[in-house]
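*Asks:* Just passing along the structure, written as structure tokens.
Protein chains in written order, with our numbering: chain S, 996 to 1105; chain B, 2 to 119.
Set out below in structure tokens:
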């Protein structure tokens, strides 16, 4: 079982819609979770970090964490074409390593 | 926000050459830095954890004699790909975590180095 799993996509949404990205992790001892955005040919940039169960909002982005279900999600409201990228979910495991999921490719259609 | 500088951004060289990549944290100190490798359309694969003042910790399957890591100061780690061959061609990315604050600080990434071995 992979440690951090994501649907590879591509996920296509129309401009203005909500994009929902999901992630599950296997290490129940993981405490910190991160969402990164990566444009083609570029390195990842941090969008959100979340440590506690529940929702965390930052502008158009909302991260959701459910530790009991070992599930993390990222919602992007009012999606824009510039949001088209690969979104990487990452978890800091109980052995202090940050493991990345395979990424979900998002395409926002104008 | 935190800035990590990685240099060079692109390298093209002949097979057998050794290539050094630098990773610097510009506005924070980082006891620990990380080196990743990414193949096209694949996720980041952790190669090694670079520890200031001590030996790097390599992930399973990563040759430590092939990928030399030096972390001589709290703001600089280097990765040297020794005697590079075409199969070493990849996108190499470093990241660093600020020493300050809680232990859950996120990692900040450099811009990456695209290495092409002819």
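Each residue gets a CB set at the ideal place from its N, CA and C atoms; glycine is no exception.
Verify whether the separation of the beta carbon atoms of residue 26(B) and residue 97(B) is less than 7 Å.
*Replies:* Against a cut-off of 7 Å, the Cβ pair of residue 97(B) and residue 26(B) comes out as a contact.
*Asks:* According to DSSP, what are the bridge partners of residue 5(B)?
*Replies:* Answer is 26(B), bridged to residue 5(B).
*Asks:* Between residue 1009(S) and residue 1071(S), is the Cβ-Cβ spacing less than 7 Å?
*Replies:* For residue 1009(S) and residue 1071(S), no; Cβs fall outside 7 Å.
*Asks:* Answer with buried or exposed for residue 119(B), where buried requires no fewer than 16 other C-beta atoms within 10 angstroms of its C-beta.
*Replies:* By the neighbour-count rule (16 or more Cβ atoms within 10 Å), residue 119(B) is not buried but exposed.
*Asks:* Anything in the segment 1079-1090 of chain S with a Cβ closer than 9 Å to a Cβ of chain B? List those residues in chain order, please.
*Replies:* The residues in question are 1081, 1083, 1085, 1087.
*Asks:* Please classify residue 1077(S): does DSSP put it in a helix, a strand, or coil?
*Replies:* Residue 1077(S): helix per DSSP, three-state reduction.
*Asks:* Taking all protein chains shown into account, do 16 or more other C-beta atoms lie within 10 angstroms of the C-beta of residue 4(B), making it buried, or fewer, making it exposed?
*Replies:* Residue 4(B) comes out exposed.
*Asks:* Taking all protein chains shown into account, decide if residue 13(B) is buried (16 or more other Cβ within 10 angstroms of its Cβ) or exposed.
*Replies:* Exposed, by the Cβ-count rule.
*Asks:* Under a three-way DSSP split, which group does residue 112(B) fall into?
*Replies:* Coil.
*Asks:* Please decide whether residue 29(B) counts as near chain C, where near means a Cβ-Cβ distance under 7 Å.
*Replies:* The chain inventory of the structure shown lacks chain C, comprising the protein chains S and B.
*Asks:* Using DSSP bridges, identify the partner residues of residue 1042(S).
*Replies:* Answer is none; residue 1042(S) lacks a bridge partner.
*Asks:* Could you confirm whether any beta carbon from chain B is found closer than 7 Å to the beta carbon of residue 1095(S)?
*Replies:* Closer than 7 Å: yes.
*Asks:* Nearest to residue 7(B) by alpha carbon, out of 17(B), 52(B), 100(B), 21(B)?
*Replies:* Ranking the options by Cα distance to residue 7(B), first place goes to 21(B).
*Asks:* Quick one: what does DSSP say residue 89(B) is sitting in, helix, strand or coil?
*Replies:* Residue 89(B): helix per DSSP, three-state reduction.
*Asks:* Using a Cβ cut-off of 9 Å, pull out every chain B residue sitting near residue 1029(S), in sequence order please.
*Replies:* By Cβ distance, chain B contributes 107, 108.
*Asks:* Check the C-beta distance from residue 1018(S) over to residue 1068(S) and give it rounded, since I have them as a contact under 8 Å.
*Replies:* Right, their Cβ atoms sit about 7 Å apart.
*Asks:* Considering residue 1017(S), what are the terminal residues of the beta strand (DSSP E) in which it resides?
*Replies:* Looking at the DSSP string, the run of the beta strand (DSSP E) that includes residue 1017(S) is 1014-1020.
*Asks:* Determine the direct distance from the alpha carbon of residue 1061(S) to that of residue 1050(S), and round the result to whole angstroms.
*Replies:* Distance between the alpha carbons of residue 1050(S) and residue 1061(S): 9 Å.
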